Structure formats: structure tokens, C-alpha cells
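Heads up: take any position in the sequence shown, counting from 1, add 30, and you land on the UniProt record's numbering.
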Amino acid sequence: RASKNRTAHNFGNTLEILGTTYPTDNLTNVTPAVLEKIGKNLHNQFNHPLQLIFKRIESYFHKTFLKRGNPLFSSYDRLSPVVTHEQNFDSLLVPKNHISRSPSDTYYINSEYMLRAHTSAHQRDLIQSGLDAFIVVGDVYRRDAIDATHYPVFHQIEGVRLFSDFQLFNSGSDSKSVTLFENGSRDEHKQEFHTLETSKLIELDLKNCLEGLMKHLFGSEVTMRWVNAYFPFTHPSWELEIYYQDEWIEMLGCGVMEQKLVHSAGASDKAGWAFGMGLERLAMKLYSIPDIRLFWSTDTGFLGQFEGKKFNENITYKSVSKYPQCVNDISFWIPDNYSSNDFYDIVRSIGGDLVEQVKLVDEFQHPKKKRFSHCYRIVYRHMEKTLTQEEVNQVHQQIELLAASQLGVEIR
Ligand code: FA5
Ligand code: MG
31 RASKNRTAHN
41 FGNTLEILGT
51 TYPTDNLTNV
61 TPAVLEKIGK
71 NLHNQFNHPL
81 QLIFKRIESY
91 FHKTFLKRGN
101 PLFSSYDRLS
111 PVVTHEQNFD
121 SLLVPKNHIS
131 RSPSDTYYIN
141 SEYMLRAHTS
151 AHQRDLIQSG
161 LDAFIVVGDV
171 YRRDAIDATH
181 YPVFHQIEGV
191 RLFSDFQLFN
201 SGSDSKSVTL
211 FENGSRDEHK
221 QEFHTLETSK
231 LIELDLKNCL
241 EGLMKHLFGS
251 EVTMRWVNAY
261 FPFTHPSWEL
271 EIYYQDEWIE
281 MLGCGVMEQK
291 LVHSAGASDK
301 AGWAFGMGLE
311 RLAMKLYSIP
321 DIRLFWSTDT
331 GFLGQFEGKK
341 FNENITYKSV
351 SKYPQCVNDI
361 SFWIPDNYSS
371 NDFYDIVRSI
381 GGDLVEQVKL
391 VDEFQHPKKK
401 RFSHCYRIVY
411 RHMEKTLTQE
421 EVNQVHQQIE
431 LLAASQLGVE
441 IR
């Protein structure tokens with residue numbers, strides 16, 4: 031297992047993903063643990079909680095918005111998670127030096143391809159293919175912390191809607207007083223190419239659509255608030271938070287699409303909105319699922335509770351009593367250009383879903399040698415049985431060995 035992990039880094043080697051072979055290079059940082067998840071498509075797995083959530087959202091769009099009796103939004107659930115850097119970043123106007131491009135945050139296949147970090151990666155291409163209202167659901171990949179709400183793979187649903195001036199202003203042929211575009215200036219309310227009316231009407235339509243979706247999911251009494259946000263591909267931008275079980279939870283990001291993006295997709299006579307929302311966060315709240323690892327469980331104790339359910343049924347997951355934790359610490363001297371996410375990937379590759387959480391518990395610099403030391407606490411817990419200290423020690427030792435050989439850390 032340890033040596034296999036390394037193949038993804040070997041210069042001149044190749045990787046096979048969904049039947050296509052990709053040469054690896056010095057940017058390659060996908061791990062076997064992550065590659066193994068590609069193609070699982072939990073959002074299409076019958077009666078999986080993520081599929082039930084997706085169907086519930088899709089039904090809202092299909093029932094609420096009609097075009098001559100047919101659904102206005104078309105729905106895409108099978109687009110490959112392998113995209114180019116250009117699709118994931120440049121097509122969305124993400125600056126070259128943006129933090130999200132860092133190899134410590136993103137899974138790269140090679141210098142051309144990567145695993146999509148958000149479903150927004152498909153916006154430009156779908157508009158280019160002629161669509162002006164669509165939703166996209168899929169698995170997305172990010173290098174991140176390890177705890178009950180973070181996993182390197184999660185699922186998002188994207189929505190995009192474009193309007194012609196006729197659609198937005200609902201205007202008769204003689205109302206030439208309002209137009210979609212102007213050569214103006216950008217401020218907090220609008221982009222330079224949008225009139226204030228365009229920006230405000232799109233904002234209103236977007237907020238109505240998403241507030242309606244939250245009521246459809248959480249009931250008509252749900253408490254929500256809009257928070258100003260920033261995305262390179264929308265302006266103005268917001269996040270929608272809902273108040274649920276005594277806390278505010280960020281559900282989605284959204285905004286008025288940057289006209290430059292719409293223009294580059296060949297739809298310059300239209301303007302519109304986009305949003306992107308996480309499915310796990312939604313499902314964990316709606317079904318009371320306590321740990322994000324459970325979505326990957328193939329155990330009937332988990333999946334069985336969603337068996338035979340309809341997507342619009344209320345479901346409350348009943349936790350099997352938790353098995354005990356095993357806690358082991360690991361301390362090492364770190365080399366230059368070390369990133370914690372490199373270590374988390376090794377923990378995931380070796381420990382798999384036995385690892386519940388990894389915390390950086392101590393960090394200090396040696397007074398004379400000036401080297402830095404990190405101490406991580408790894409919490410091990412199996413979701414379906416009790417782990418023995420012996421089993422945990424074996425995994426823990428392998429993590430130590432691999433961290434030393436791959437990252438050049440020096441175990442203390
Ligand atoms: C985005 O991914 C943007 N592409 C969203 C967007 C689309 C904005 C279109 C504007 C227009 P962000 O990284 O905030 O933004 O993620 C969007 C949503 O995905 C979050 O609100 C959250 O619901 C979910 N999400 C993000 N990171 C995680 C995570 N680590 N675990 C679970 N859910 C997550
Ligand atoms: Mg966010």
C-alpha cells in the first residue's frame with residue numbers, strides 16, 4: 031500500500047482514471063485513497079442519502095420552473111470529475127495566483143488535468159453548448175483537514191440561469207427604456223456592464239429561487255439570512271445561511287454571473303445567476319447523520335435506514351452507539367515547504383475511514399537548531415466495531431514510516 035501511493039508521484043509514470051490514461055508529472059498529487067472514490071457516484075446510487083437529497087432538489091427545480099409544460103432546468107449528473115485546470119480555474123476568471131490553485135489545496139492529475147474542486151468547473155462549457163438553465167450534480171475533490179465534517183471528496187449541486195432582456199424585464203416591444211447592459215462602473219451593487227435594473231432583478235430572482243429551495247427542504251418556517259461574499263466568477267455574491275438546531279450553517283455560495291464569463295461562453299446577449307451548494311452538509315442536517323465518513327459506508331446498518339424511502343419523506347438516521355476511540359499522537363521535525371495537507375493525505379491513504387480526526391496539537395521551534403516540530407493527535411474509531419490497540423498501533427506505525435519516507439519528516 032505504501033509503495034503504491036508513491037506511483038502517483040513518479041515522474042514519467044501514468045495513471046488510469048475512468049478508462050483514460052494520464053501521464054503523471056511533478057504536479058501530480060492524487061493519492062490511491064482518493065482515486066479509489068472516482069466513479070462511485072454516490073449521488074446516483076439508488077436510495078443513498080445523497081441521491082435522495084439530489085432528487086429532492088431536482089424535483090423542486092423541475093416542478094417550480096416550467097417552460098411550456100416542460101422543466102426549464104435540465105439536469106446533469108454524469109459529467110466526469112476529471113477537468114482541465116482551465117475549466118476549473120481560468121474559465122471562471124480565477125486569478126493565476128489564487129490560493130485555491132495551490133497544490134496543497136487541490137488534487138492535480140498532471141500539469142493539464144485535475145479533479146474538479148467545484149461543480150462550477152462546468153458552467154462555461156454547458157452555456158457554450160446552448161443551455162440557459164441547468165443544474166449539475168457531482169463529486170468534488172479538495173485537500174483539507176480531517177474531522178467529522180471534512181472529507182477529501184464531497185458532492186455539490188450547481189445551478190445556472192440566464193435571461194434575455196425580454197425574459198428579465200418581461201417587456202413589451204415598446205419598452206426600450208430598460209436595457210440589460212451599459213458601459214458603466216462597478217460598485218457593490220453591480221458590474222460595469224450591467225444596468226442597476228439588470229443586477230437587482232437577477233438578484234431578486236436568484237434569492238427567490240434559493241429561499242424557495244430552502245423552504246422545500248427544511249419547511250416553510252425555516253430561518254435564513256443572506257451574507258455578502260466574494261467569488262471571482264460572480265458579482266455581487268452572497269452566501270445563504272440557515273438557522274437549524276441552534277446554529278447558523280452556510281448552505282451555498284451564489285451571485286450574479288460575471289458578464290465576461292457569460293460572454294466567453296458565447297451568450298453575450300444574456301445575463302444571469304449561478305449558485306453552488308454542498309450536499310453532505312445538507313444531508314447531515316436533514317437526516318441527522320453525525321459523521322461525513324458514513325456516506326461512504328457500505329454497511330447495511332447505515333444504508334438500510336434509507337432503503338425503500340422516497341426522496342420527499344422525512345428520515346432521521348439513528349446512530350448505532352459509537353464504538354470507543356483510540357487516540358495516538360505523532361511528533362516530528364518538519365522539512366522546509368512541508369504542508370499539513372500532505373500529512374493528512376498519508377493518514378487517509380493508510381488509515382482510511384478508521385481515522386475520525388487529525389488535530390495539530392502542538393507546534394514549536396527548536397531554540398538553537400531553528401527547526402520546527404509538529405505534534406498531531408490522531409483519533410481512530412471504526413464505525414462498525416471496536417478497534418484493538420494492536421490494530422491501531424500497526425496503522426499508526428505505517429503512517430510514521432510513510433511520513434518519514436515521503437515527506438522527509440524526522441520522527442521524534
Ligand atoms: C464554491 O465551491 C463555489 N463554486 C460556489 C459558487 C457557485 C459560488 C456558483 C457562486 C456561483 P465554496 O467553496 O464556498 O464555493 O463551496 C460551496 C458550498 O459547498 C458550501 O457552501 C458548502 O455547502 C459546500 N462545501 C464547501 N466545502 C465543503 C467541505 N469541505 N465539506 C462539505 N461541504 C463543503
Ligand atoms: Mg464557502
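In this text, a Cβ means the ideal position worked out from N, Cα and C, and glycines have one as well.
Source: prediction; values computed, not measured.
C-alpha gap between D135 and Y347, whole angstroms: D135 and Y347 have their alpha carbons spaced roughly 32 Å apart.
Using the DSSP secondary-structure output, state which residues sit across from H404 in a beta bridge.
BP columns for H404 point to F362, E393.
Any non-hydrogen atom of ligand 1 within 6 Å of L282 CB: Yes, Cβ of L282 sits closer than 6 Å to a heavy atom of ligand 1.
* Asked: According to the neighbour-count rule (16 or more other Cβ atoms, all chains shown, within 10 Å of its Cβ), is A434 buried or exposed?
  -> Its Cβ having fewer than 16 others within 10 Å, A434 is exposed.
At 4 residues or longer, what runs of the alpha helix (DSSP H) sit wholly inside the segment 54–81?
The segment 54–81 is shown to contain whole alpha helix (DSSP H) runs of 4 or more residues at 62–65, in chain order.
- prompt: Are there 16 or more other CB atoms within 10 angstroms of the CB of I232, so buried, or fewer, so exposed?
  reply: Classification of I232: buried, given that the 10 Å Cβ count is 16 or more.
- Considering Q186, what are the terminal residues of the beta strand (DSSP E) in which it resides? First-last of the beta strand (DSSP E) with Q186: 183–193.
* To do: Decide if G296 is buried, meaning its Cβ has at least 16 other Cβ atoms within 10 Å, or exposed.
  => G296 should be labelled exposed.
Sorted by chain position, which residues of the same chain lie with C-beta nearer than 8 Å to K400's C-beta, five sequence neighbours on each side aside?
Taking C-beta separations shorter than 8 Å and ignoring five residues to either side along the sequence, K400 has no partners in its chain.
*Distance, Y368 Cα to F362 Cα*: For the pair F362 and Y368, the Cα-to-Cα distance works out to about 12 Å.
Item to check | Within the segment 144–186, ranges of the alpha helix (DSSP H) (whole runs, at least 4 residues) | outcome: DSSP runs (the alpha helix (DSSP H)) wholly in the segment 144–186: 153–158.
Quiz item: Across which residues does DSSP place F211 in a beta bridge pair?
Solution: Under DSSP, F211 takes part in a beta bridge, and its partners are H224.
Give a single yes or no on whether S150 has its beta carbon closer than 6 Å to a heavy atom of ligand 1. Taking non-hydrogen atoms of ligand 1 into account, the C-beta of S150 is found less than 6 Å away from one of them.
Label S121 either buried or exposed according to how many other C-beta atoms from any shown protein chain fall within 10 Å of its C-beta, with 16 as the threshold for buried. S121 comes out buried.
- prompt: Secondary structure at K290, three-state DSSP: helix, strand or coil?
  reply: Looking at K290 - three-state DSSP - the assignment turns out to be helix.
- Item | Assigned secondary structure, S267 (DSSP; H/G/I helix, E/B strand, else coil) | Three-state result, S267: strand.
* Cβ-based neighbour list, I139, same chain, cut-off 8 Å, excluding 5 preceding and 5 following -> Excluding positions up to five away in sequence, the list reads L45, I47, Y52, T54, T58, V60, V112, L145.
Quiz item: Per DSSP, what kind of secondary structure is R255 in: helix, strand or coil?
Solution: If DSSP states are grouped into helix, strand and coil, R255 belongs with the strands.
Chain-order list of residues whose beta-carbon lies under 8 Å from that of Q302 (same chain, five-residue window excluded):
Note that residue 302 is Gly in the sequence shown, not Gln. The answer, listed in chain order, is D162, V190, R191, L192, F193, I232, V286, M287, V292.
Other residues of its chain near P182: CB distance less than 7 Å, five sequence neighbours each side excluded: Hits under 7 Å: V64, Y171, R172, R173, D174, R378.
Where E420 and L431 are concerned, what is the direct C-alpha to C-alpha distance, given to the nearest angstrom?
-> Straight-line Cα distance between these residues: approximately 17 Å.
G49 to L80, Cα distance in whole Å? Whole-angstrom Cα-Cα distance: 25 Å.
Original post:
Should G168 be labelled buried (16 or more other beta-carbon atoms within 10 Å of its own) or exposed?
Top reply: Label assigned to G168: buried.
Could you tell me how far apart the beta carbons of L210 and L198 are, in whole angstroms, since I believe they sit closer than 8 Å? About 7 Å separates the Cβ atoms of L210 and L198, confirming a contact at the 8 Å cut-off.
Quick one: Cα of M281 to Cα of K398, how far? Rounded to the nearest angstrom, the two C-alpha atoms are 47 Å apart.
| query | With respect to 6 Å, is the separation between the Cβ of E310 and the closest non-hydrogen atom of ligand 1 below this value? | reply | Closer than 6 Å to some heavy atom of ligand 1: that describes the Cβ of E310.
Beta carbon of A259, beta carbon of S250: below 7 Å? Judged by beta-carbon spacing, S250 lies beyond the 7 Å limit of A259, meaning their Cβ atoms are not closer than that value.
Query raised in the report: DSSP on S110, reduced to helix/strand/coil?
Result: Residue state, collapsed to three classes: coil.
Cβ-heavy atom distance between G285 and ligand 1 below 6 Å? At least one heavy atom of ligand 1 is found less than 6 Å from the C-beta of G285.
* What span of residues does the alpha helix (DSSP H) with M314 cover, start to end? -> Counted as a single uninterrupted DSSP element, the alpha helix (DSSP H) harbouring M314 occupies residues 309–317.
Given that a residue counts as buried once 16 or more other Cβ atoms are within 10 Å of its Cβ, and exposed if not, what is E142?
-> Taking a 10 Å sphere around the C-beta of E142, we find fewer than 16 other C-beta atoms and assign the residue as exposed.
* **R442 versus N71: straight-line alpha-carbon distance, rounded** => Rounded to whole angstroms, R442 to N71 spans 41 Å at the Cα level.
>> According to DSSP, simplified to helix, strand and coil, what is S89?
In response: The three-state secondary structure of S89, taken from DSSP, is helix.
- Helix, strand or coil: which one does DSSP assign to V425? The DSSP-derived three-state label of V425 is helix.
- Residues that DSSP places opposite E46 in a beta bridge: Bridge partners of E46 according to DSSP: T51.
- Exposed or buried, Y273, counting other C-beta atoms within 10 Å across all chains shown (16 or more means buried)? It counts as exposed.
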